[in-house]
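Participant: Please see the structure below; I have some questions.
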Amino acid sequence: MDRLRSPGGCPWDAEQTHESLLRYLVEETYELYDALAVGDVAATREELGDVLLQVLFHARVAAESPDGFDVDAVAAELVAKLVGRHPHVFAGEAGVVTSGDQDVRWEELKATEKRRDSVLDGVALAQPAAALLAKYVSRAKRAGVPPDLLAAAVPEGAPAAVVGSYLTGGDPEGELRAAATALGERLRAVEARLPAPTNGEPRRTTPEDWRTHWQ
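Going by the numbering used here, the residue at position 170 of the sequence shown is 302; the numbering climbs one at a time, nothing skipped.
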């Protein structure tokens, strides 16, 4: 990649920016998803390489800016994250017995590291609306929001509504995104009424907490 981006290398590669490469990152990710979904080993190997190329490409572009970083810095940050998020493996911390325990602990550590105030902080808003809605529901469920409150907050029959919207010339992506946005606003409004976290610890809530402040 260094050679491709350097004088005498490839003009096309040298011209690329983070912005111009975005569509390739999305495209290659979907192609890898398809290969994994059908269990095609050869295609999976190829598509993993294509996704890796995007990582290398973006790291090389980043290295050219004054405050940039290279792929070694990317790898080092990943290693530090894996070590920090697995204290039961690398630091002898007790309490993690099952994968469910680790799932909860991972989110607690992430919230502490990134100083997040909301269970929705860090969710990628650019993802497709259905995935965004599912992510919001997943985050809310993990935070202890009772299922009946979530079910009432999401439009009934949302998947079927997508089909109906298409058939009637509507905008199902926009409608699902609006539903996701409404749920996100509802969750953040309730969070604002919940007791604030103390001593820098992530907020721990119970279903009863959510039910009490849900309006």
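All residues carry an ideal CB built from backbone N, CA and C; glycine is no exception.
For proline 304, count the other beta carbons within 10 Å of its own beta carbon; 16 or more makes it buried, fewer makes it exposed. Which is it?
Facilitator: buried
Participant: Reducing DSSP to helix, strand and coil, say where histidine 218 ends up.
Facilitator: coil
Participant: Classify glutamine 148 as helix, strand or coil using the three-state DSSP reduction.
Facilitator: For glutamine 148, the three-state secondary structure derived from DSSP is coil.
Participant: What is the DSSP secondary structure of threonine 344, counted as helix, strand or coil?
Facilitator: helix
Participant: Would you check if the region 257-267 and the region 312-328 touch, i.e. whether three or more CB-CB distances between them fall below 8 Å?
Facilitator: yes
Participant: Could you check if arginine 336 is buried or exposed, using at least 16 other CB atoms within 10 Å of its CB as the buried criterion?
Facilitator: exposed
Participant: What would DSSP say about aspartate 172, mapped onto helix, strand or coil?
Facilitator: coil
Participant: Do you know how far the Cα of glycine 301 is from the Cα of leucine 180?
Facilitator: 37 Å
Participant: Taking a contact to mean a Cβ-Cβ separation below 8 Å, would you say tyrosine 268 touches leucine 257 in this structure?
Facilitator: no
Participant: Give the straight-line distance between the Cα atoms of proline 278 and valine 221, rounded to the nearest whole angstrom.
Facilitator: So the alpha carbons of these two residues sit roughly 32 Å apart.
Participant: Please report the straight-line C-alpha distance between valine 183 and arginine 177, rounded to a whole angstrom.
Facilitator: The alpha-carbon atoms of valine 183 and arginine 177 are separated by roughly 10 Å.
Participant: Helix, strand or coil for glycine 302 per DSSP?
Facilitator: Judged by DSSP in its simplified three-state form, glycine 302 adopts coil rather than helix or strand.
Participant: How long is the line joining the alpha carbons of lysine 213 and aspartate 204, rounded to whole angstroms?
Facilitator: Spanning the two alpha carbons is a distance of roughly 14 Å.
Participant: Quick check: what's the CA-CA separation for arginine 271 versus glycine 216?
Facilitator: 21 Å
Participant: Given a threshold of 16 other Cβ atoms within 10 Å of its Cβ, counted over all protein chains shown, does phenylalanine 201 qualify as buried or as exposed?
Facilitator: exposed
Participant: Since proline 334 and glutamate 240 are thought to touch, with beta carbons under 8 Å apart, how far apart are those beta carbons, to the nearest angstrom?
Facilitator: 5 Å
Participant: Give me the residue from Val286, Arg237, His345, His190 with the minimum Cα distance to leucine 153.
Facilitator: His190
Participant: If distances are taken between C-alpha atoms only, which option among Ala195, Glu323, Tyr156, Arg309 comes closest to methionine 133?
Facilitator: Ala195
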